[in-house]
Structures are given as C-alpha cells and as structure tokens.
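Peer 1:
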DNA sequence: CCAGACGTTGTT
DNA sequence: GTCTGG
DNA sequence: CCAGACGTTGTT
DNA sequence: GTCTGG
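Residue numbers (my numbering): -7 to 222.
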C-alpha cells in the first residue's frame, strides 16, 4: 500500500504558509508518480527550527554502510513501529511529514490503481519518521518512512492498509517538538481523526515508474468506480 | 558469547 | 548502533 | 507500489 | 522465483 504518491504543485507561494513557511531553498519539479528511493519534500523540526527540505523516500539508518537498503523501508507499520530496531527510537524525536496531493493504491483483487485525495485539501501530509546518514566524507543525507495503519471503513473498499494521512491543520499535532513520548505519538498516529478521502480510478500506466506526467491524474471513464465526492 | 538482521506488501 | 537468535 | 533484472569476459 | 531500482 502507498507505494506511490504525487505532488504536482507549482504554486508554492500559496502552499508554503499552510505548512508554516514563507520560502523554500530547493528547486522542485512537479511529480505525478513518485516512487520509493527518490527525493521528496519533507517538513520536520531540526534544532527547534521548522524545516522544509528533500529527503530520500526509504529510510537509511546511520549505521548503514551505504545510502541504499536491501530492505523495504519506505513504509513503517504504526502498530508495531516501537518494536522495530530501524524505527523505534525515531518516533519520539524524529517525526516528519511528506507533502502530497494524492497517493495511489492498487485495489486488492482487481489490481485497478486509484488516486486518493483528501476532501477539501489540495495538498495534505503523510505522517513519517526520518533518520540521518553520514557518509565517509562527513556529508549528511536524510531519509524517511511513511507510517501506515489499518484501513478505515472507507479505505477498506480498496485496500486493507493505508498511510497516516493528515490535513495541513493536523501537521503540528504530529510534529510537536515539545513531545518526545514515543508511545503517545504512536497512539496519536493510530487514533487521530482521519480526514475524509475520495478516490477515482486512473490508468494502469502509473505502474511504470518512468511514467511521470499530467496524464497520471486523468480519471478513467468509469464513474461507477469513483468513491466519495469532489 | 558472537553472528546476523535491521522491512513491508501482497499473493498463493 | 542495537536487538534477536542460536 | 510495479518493472525489470537476474551475468561474465573482454573489447572499444 | 526473488531481489533491486525507481
């Protein structure tokens, strides 16, 4: 689940204030089909400063020999995150959110991909944890994992798992730099009020990671498969 | 003690 | 680095 | 998540 | 069949 998402924003000036920023210091080309291992915009606190920068999607721990992984680390199960060597110490102190304007889910059984969005929000957030890896040259590289949880009743029509989707207004409650209690934040990620979502079927061409164009967002001509408003 | 893993999803 | 399995 | 590789030697 | 790369 949630092995792909999108962030095709061009009007960052309108978006940044929503997430607590007035500027950004990197170039970003709109992305319609984002796959694991690529660099994605992430919001987090570093030195008490709210920060927006890109990170590798797919967490690499500091002790890794290289900035790659043989394991699937782009997702972390919220229910068991505190028991995992890779993630447990991060929940208390290295929380983050990825920015997204949709995520993709392949329906169980039919294999039909859907684009899923938040009702009333152009851009929303995905709860995540991050870590920092230091290369032999001393350079630092950050990476992240999206938290997943069991599907809610709506999502269950498509899939049995889903990412922890946050409205922009809920981002502060996940990042809150004052809280270092991992259990408390785990409970938040499992039980906060999930925003209303809607979904529509899209072309299977997004299965190919090299496909990354506006056509990815075009609904299939199949109104019956649409789920939710907007 | 040391060696080896460190992760998720989906499908059968 | 730290935990688990043997 | 899906797609694509999965291998070696030697030559340019 | 299974792993890696995007």
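Idealized CB from N, CA, C, for every residue including glycine.
#1: To which residues of the same chain is residue 83 closer than 7 Å at the C-beta, ignoring the five residues directly before and after it?
#2: Could you name the residues that DSSP lists as bridge partners for residue 189?
#3: With 16 other CB atoms within 10 Å as the buried threshold, where does residue 96 fall?
#4: I'd like to confirm something about residue 25: is its beta-carbon nearer than 7 Å to some heavy atom of the ligand GDP, or not?
#5: At which residues does the beta strand (DSSP E) containing residue 67 begin and terminate?
#6: Hey, quick one: how far does the alpha helix (DSSP H) through residue 180 stretch, first residue to last?
#7: Take residue 94 and list the residues in its own chain whose beta-carbon comes closer than 6 Å to its own, dropping the five residues that flank it on each side.
#8: Residues bridged to residue 118 by DSSP?
#9: The beta strand (DSSP E) that contains residue 80, what's its start and end?
#10: Leaving out the 5 sequence neighbours to the left and right, which residues in its chain are closer than 8 Å to residue 4 when beta-carbon positions are compared?
#11: Among the candidates 195, 149, 151 and 60, whose CA atom is the shortest distance from the CA of residue 51?
#12: For residue 186, I'd like the list of residues in its chain whose CB is within less than 7 Å of its CB, leaving aside the five on either flank, ordered along the chain.
#13: Suppose you measure from the CA of residue 63 to the CA of residue 9; what does that come to, to the nearest Å?
#14: Cβ atoms of residue 136 and residue 34: under 8 Å apart, would you say?
#15: What's the C-alpha gap between residue 195 and residue 208?
#16: Need the endpoints of the beta strand (DSSP E) that residue 166 sits in, please.
#17: With a threshold of 7 Å on Cβ separation, who are the neighbours of residue 24 within its own chain once the five nearest residues in sequence on each side are excluded?
Peer 2: Let's see:
#1: For the purposes of this step, residue 83 is identified with residue 91 of the first chain, where counting begins at 1. A distance below 7 Å between beta-carbons, with the five flanking residues on each side excluded, links residue 83 to the following residues of its chain, in chain order: 73, 74, 121, 174, 177 and 178.
#2: Here the question's residue 189 lines up with position 197 in the first chain. Checking the DSSP bridge columns, you'll see residue 189 partnered with 110.
#3: Along the first chain, read from residue 1 onward, the residue named residue 96 stands at position 104. Residue 96 comes out buried.
#4: Of the ligands one can find in the structure shown there are none, so the ligand GDP has no counterpart to examine.
#5: To locate residue 67, count along the first chain from 1; it is residue 75. From DSSP, the beta strand (DSSP E) with residue 67 extends over 67 to 69.
#6: Position 188 of the first chain, counted from the first residue, corresponds to residue 180. From DSSP, the alpha helix (DSSP H) with residue 180 extends over 174 to 183.
#7: One-based indexing of the first chain puts residue 94 at position 102. The residues are -2, 107 and 109.
#8: Mapped onto the first chain, residue 118 falls at position 126. Paired residues: 90 and 157.
#9: Taking the first residue of the first chain as 1, we reach residue 80 at position 88. No beta strand (DSSP E) contains residue 80, which is instead part of the alpha helix (DSSP H) from 80 to 85.
#10: In the first chain, counting from the first residue as 1, residue 4 sits at position 12. Only 16 and 20 meet the Cβ criterion.
#11: Taking the first residue of the first chain as 1, we reach residue 51 at position 59. The residue among 195, 149, 151 and 60 with its C-alpha nearest the C-alpha of residue 51 is 60.
#12: Your numbering for residue 186 matches position 194 in the first chain. Within the same chain, Cβ atoms closer than 7 Å to the Cβ of residue 186 are found at 144 and 157, the five residues on either side in sequence being excluded.
#13: Residue numbering aside, residue 63 sits at position 71 when the first chain is read from its first letter. Residue numbering aside, residue 9 sits at position 17 when the first chain is read from its first letter. Roughly 36 Å between the two C-alpha positions.
#14: Working through the first chain from its first residue, we reach residue 34 at position 42. Working through the first chain from its first residue, we reach residue 136 at position 144. Cβ atoms of residue 34 and residue 136: closer than 8 Å.
#15: Here residue 195 corresponds to residue number 203 of the first chain, with the count starting at 1. Here residue 208 corresponds to residue number 216 of the first chain, with the count starting at 1. Separation of residue 195 and residue 208 (C-alpha to C-alpha, rounded to the nearest whole angstrom) is 7 Å.
#16: Along the first chain, read from residue 1 onward, the residue named residue 166 stands at position 174. Note, residue 166: premise wrong, no beta strand (DSSP E); alpha helix (DSSP H) at 163 to 167.
#17: Your numbering for residue 24 matches position 32 in the first chain. Its chain contains -2, 0, 204, 205, 206, 208 and 209 as the residues whose beta carbon lies nearer than 7 Å to that of residue 24, once the 5 sequence neighbours on both sides are disregarded; these appear in chain order.
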